[in-house]
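Engineer: Would you mind keeping the following structure in view while I ask a few things?
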Amino acid sequence: IPSGSMMPTLLVGDFILVQKYSYGIKDPVWRSQLVDVSEPERGDIVVFKYPLDERVDYIKRAIGLPGDKIVYRDKRLYIQPKCEEGEVQKGAFLCNEFNKIDFKLINDDEFMQGPMALARLNEDLTTSSHDILINPKSPERKGRYYQQLGTPADEWVVPADHYFMMGDNRDNSQDSRFWGFVPKENLVGKAVFIWMSFEFDNGPDDILPGWVPTGVRFERLGNIQ
Numbered sequence: 010i011p012s013g014s015m016m017p018t019l020l021v022g023d024f025i026l027v028q029k030y031s032y033g034i035k036d037p038v039w040r041s042q043l044v045d046v047s048e049p050e051r052g053d054i055v056v057f058k059y060p061l062d063e064r065v066d067y068i069k070r071a072i073g074l075p076g077d078k079i080v081y082r083d084k085r086l087y088i089q090p091k092c093e094e095g096e097v098q099k100g101a102f103l104c105n106e107f108n109k110i111d112f113k114l115i116n117d118d119e120f121m122q123g124p125m126a127l128a129r130l131n132e133d134l135t136t137s138s139h140d141i142l143i144n145p146k147s148p149e150r151k152g153r154y155y156q157q158l159g160t161p162a163d164e165w166v167v168p169a170d171h172y173f174m175m176g177d178n179r180d181n182s183q184d185s186r187f188w189g190f191v192p193k194e195n196l197v198g199k200a201v202f203i204w205m206s207f208e209f210d211n212g213p214d215d216i217l218p219g220w221v222p223t224g225v226r227f228e229r230l231g232n233i234q
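One gets this note's numbering by counting positions in the sequence shown from 1 and adding 9 to each.
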């Protein structure tokens with residue numbers, strides 16, 4: 010992991026195992042779907058080809074599924090799951106309520122961004138929960154958000170066969186809020202396991218270059234939540 014966009018779930022120096030068959034088996038050249046296995050679930054940590062440069066792999070958390078409406082406002086996440094066609098009468102739709110995603114503070118002194126302390130919170134997506142980081146003093150970046158036609162600047166409706174991805178380090182992540190949706194064919198696989206984690210704690214007076222690990226974080230090895 011080269012960046013901190015998925016902190017605190019993934020740290021710089023983590024090495025991860027990715028199940029490339031989790032979301033189907035694809036043609037290696039054309040990336041067309043050969044075998045369907047399953048779809049990403051909300052809360053999955055997904056590796057995918059960056060839509061603006063498919064030579065680059067990104068890793069983020071799947072927040073919005075096809076048909077969902079997503080709102081990110083005042084550092085709070087709101088999700089309205091897609092409407093399902095009803096069985097009572099033809100043409101009827103059963104729409105879920107808009108959910109304000111709950112979170113609770115864990116601590117506010119474990120992680121820093123420069124001189125500013127980050128709040129670590131546990132976010133509950135109902136089907137799963139995970140920890141995120143918020144910088145309470147960082148201003149909203151709504152003016153830089155990806156603007157979907159026909160929606161306000163901080164709202165998005167996920168198209169069919171696309172996904173809305175976000176980093177857990179919410180104020181230090183370039184994700185779907187800024188560049189849009191991830192097509193299904195760009196999915197590489199699901200991150201499931203940390204098999205090695207190097208620590209980089211080089212000081213200014215150290216002889217070794219900064220890319221040389223200073224230790225192994227054995228406590229981080231295991232399944233990814």
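Ideal Cβ positions, reconstructed from N, Cα and C, are used throughout, including at glycine.
(1) If you reduce the DSSP assignment to three classes, tell me which class Lys78 lands in.
(2) By Cβ distance, which residues of its chain are closer than 8 Å to Val21, with the 5 residues on each side in sequence left out?
(3) I'd like the ranges of any beta strand (DSSP E) spanning at least 3 consecutive residues and lying wholly in the segment 182-233.
(4) CA-CA distance, Trp220 and Phe57?
(5) Is the beta carbon of Ala71 sitting closer than 7 Å to the one on Tyr155?
(6) On the three-state DSSP scale, how would you describe Gly52?
(7) On the criterion of 16 or more Cβ atoms from any shown chain inside 10 Å, does Met175 qualify as buried, or is it exposed?
(8) Straight-line CA distance for Ile115 to Glu132?
(9) Judging by CA-CA distance, which residue of Ser182, Arg186, Ile68, Gly159 is the nearest neighbour of Gly152?
(10) Ile233 and Pro191 - do their beta-carbons sit closer together than 7 Å?
(11) Counting only the same chain and skipping the five closest in sequence on each side, list residues whose C-beta sits under 6 Å from that of Gln122.
(12) What do you get for Asp23, buried or exposed, if any count of 16 or more other CB atoms within 10 angstroms of its CB means buried?
(13) Helix, strand or coil for Gly152? Go by DSSP, reduced to three states.
(14) Please work out which residues of its chain come closer than 7 Å, Cβ to Cβ, to Asp163, disregarding the five sequence neighbours upstream and downstream, and give them in chain order.
(15) Output needed for Ala126: all residues of its chain with C-beta closer than 7 Å, excluding positions within five of it in sequence on either side, in chain order.
(16) So who's on the other strand from Phe120, going by DSSP bridges?
(17) Which residue from Cys104, Lys29, Lys69 puts its Cα closest to that of Pro17?
(18) Can you tell me whether Gly33 is helix, strand or coil according to DSSP?
(19) Secondary structure at Tyr87, three-state DSSP: helix, strand or coil?
(20) In angstroms with no decimal places, state the Cα-to-Cα distance between Pro168 and Gly159.
(21) Measure the Cβ-Cβ separation of Gly198 and Lys29 and say whether it is below 7 Å.
(22) Determine the direct distance from the alpha carbon of Thr223 to that of Lys78, and round the result to whole angstroms.
(23) Using DSSP's beta-bridge definition, name the partner residues of Asp66.
Structural biologist: Judging by the given coordinates:
(1) strand
(2) Ile10, Pro11, Ser12, Gly13, Phe209
(3) 196-208
(4) 25 Å
(5) no
(6) coil
(7) buried
(8) 10 Å
(9) Arg186
(10) Pro is not the amino acid found at residue 191; the sequence shown has Val there. No, the pair does not count as a contact, with Cβ atoms beyond the cut-off.
(11) Asn144
(12) buried
(13) helix
(14) Val80, Tyr81, Arg82, Lys151, Tyr154
(15) Asp117, Asp118
(16) Leu127
(17) Lys69
(18) coil
(19) strand
(20) 13 Å
(21) yes
(22) 44 Å
(23) Lys58
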